[in-house]
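Input: a single structure, listed below in structure tokens.
Protein chains: 2
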Amino acid sequence: MEQLEKDIRSCGLRVTKQRIAIYDWLRNHPVHPTADVIWKALLPRYPDLSLTTVYNTVNVLAEHGLIRTVTIRAEEQRFDGNPADHGHFYCRSCQKVLDFDIDKPSVSSMLPAGCIAEKCDVFVTGLCDVCAE
Amino acid sequence: MEQLEKDIRSCGLRVTKQRIAIYDWLRNHPVHPTADVIWKALLPRYPDLSLTTVYNTVNVLAEHGLIRTVTIRAEEQRFDGNPADHGHFYCRSCQKVLDFDIDKPSVSSMLPAGCIAEKCDVFVTGLCDVCAE
DNA sequence: TGGTATATTGTAATCGTTACAAAAAGCAAC
DNA sequence: GTTGCTTTTTGTAACGATTACAATATACCA
């Protein structure tokens, strides 16, 4: 609770109940929702929340590195409450998205010479363990 | 020239001059253009080419694995004439995109147990060698 | 407790992309 | 070649996700 406020404040942003609600929800739901999904999920508890605010907030949070943007399908943007570098596995059969840890050094070793990595996402498509049979 | 036709035909697709033009252009321009960029580039030589055809064609080619879709900025889709698994480095300073080879085995070793990788993209943001100074 | 900068809201606009129906072109069989 | 059927292209109109904007409300520093 307190930590979320601190995170937001430490970016020089004002603390509002909308920002806390959205940030909190993203942190506690390890799915990769669109802005619309976040909005619909919070609407019962925050009936006045506008979709525009959700868009504004996730953009601001992502800009400051508190959350991440993820592209699963090109035509819609998704968000991830986990701001650390990690990979996403997308099962083309059941459409599930699985997070996985990545080995930063081995990714860095693949980069063109002289490039400095700041943010890194590994996106793999295929079949998950359940669908693989 | 001939090979492009073969590629298209081997997917069960009809060979048209629009498809050859778009596929050929993508193969020979190692940039990561949007549909709009491809369209504008080909318009002088193919004044009747419609933007809709570019969209249709890149979607069909990508479906059959002849090209790839790449997401650099979430709000627009880009295409890549190289259909092989490879990584993209995006320089946040000069906006340049560099391709790099990826080590498939080491990426596979990061995946959740039992998952079968079919397509893989590593996307890294940071500073390129020129901007790093 | 005020005053001011920042955030939220709702609506309207924008942008990239796709749906659709008519016209054109590919291609296989004759 | 020519025919006929199927696929592709085209242009326009629609669509959906996202953003711009101006008015209102809120956070927070003095």
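Which chain is which? The protein sequence lines are G and F, in order.
For the first sequence, this note's numbering assigns the number 1 to the initial residue and increments by one for each residue that follows.
For the second sequence, this note's numbering assigns the number 1001 to the initial residue and increments by one for each residue that follows.
All residues carry an ideal CB built from backbone N, CA and C; glycine is no exception.
From a predicted model like this one, the values you see are computed outputs, not experimental measurements.
For P112 of chain G, the nearest candidate out of F:C1115, F:V1122, F:I1022, F:T1071 (CA to CA): F:V1122
Contact list for P30 of chain G against chain F, beta-carbon separation under 7 angstroms: Chain F residues near P30 of chain G: none, gap ~13 angstroms exceeds 7 angstroms.
Beta-carbon proximity check, T16 of chain G vs E76 of chain G, cutoff 9 angstroms: no
Own chain, CB closer than 8 angstroms to H29 of chain G, minus 5 neighbours either side, in chain order: A41, G81
Separation of H32 of chain G from H88 of chain G, as counted between CA atoms: 10 angstroms
Simplified DSSP assignment, three categories, for T1155 of chain F: No information on residue 1155 of chain F is available, as it lies outside the stretch 1001 to 1133 that chain F covers here.
Three-way DSSP call (helix, strand, coil) for D7 of chain G in this model: helix
Proximity test, Cβ basis, 9 angstroms: C11 of chain G and chain F: Interface criterion not met: the Cβ of C11 of chain G is under 9 angstroms from no Cβ in chain F.
Chain F contact for Q95 of chain G (CB, 9 angstroms cutoff): no
Positions along the stretch 1064-1090 of chain F whose CB lies within less than 7 angstroms of some CB in chain G: T1069, T1071, A1074, Q1077, G1087, F1089
Within 7 angstroms of chain G by C-beta, residues of the stretch 1106-1132 of chain F in sequence order: Under the 7 angstroms Cβ criterion, the stretch 1106-1132 of chain F contributes S1106, V1107, M1110, L1111, P1112, A1113, G1114, C1115, I1116, A1117, E1118, K1119, C1120, D1121, V1122, F1123, V1124, T1125, G1126, L1127, C1128, D1129, A1132.
Rounded Cβ spacing between I20 of chain G and I38 of chain G (contact assumed at less than 8 angstroms): Not really, about 13 angstroms apart at Cβ, beyond 8 angstroms.
Three or more C-beta pairs below 8 angstroms linking the stretch 50-69 of chain G and the stretch 91-99 of chain G: Between the stretch 50-69 of chain G and the stretch 91-99 of chain G, the count of C-beta pairs closer than 8 angstroms stays below three; the two stretches do not touch.
Q1018 of chain F to K104 of chain G span [Cα, whole Å]: 42 angstroms
Where the alpha helix (DSSP H) containing T1125 of chain F begins and where it ends: Counting along the chain, T1125 of chain F falls outside any alpha helix (DSSP H), though it belongs to the beta strand (DSSP E) covering 1116-1127.
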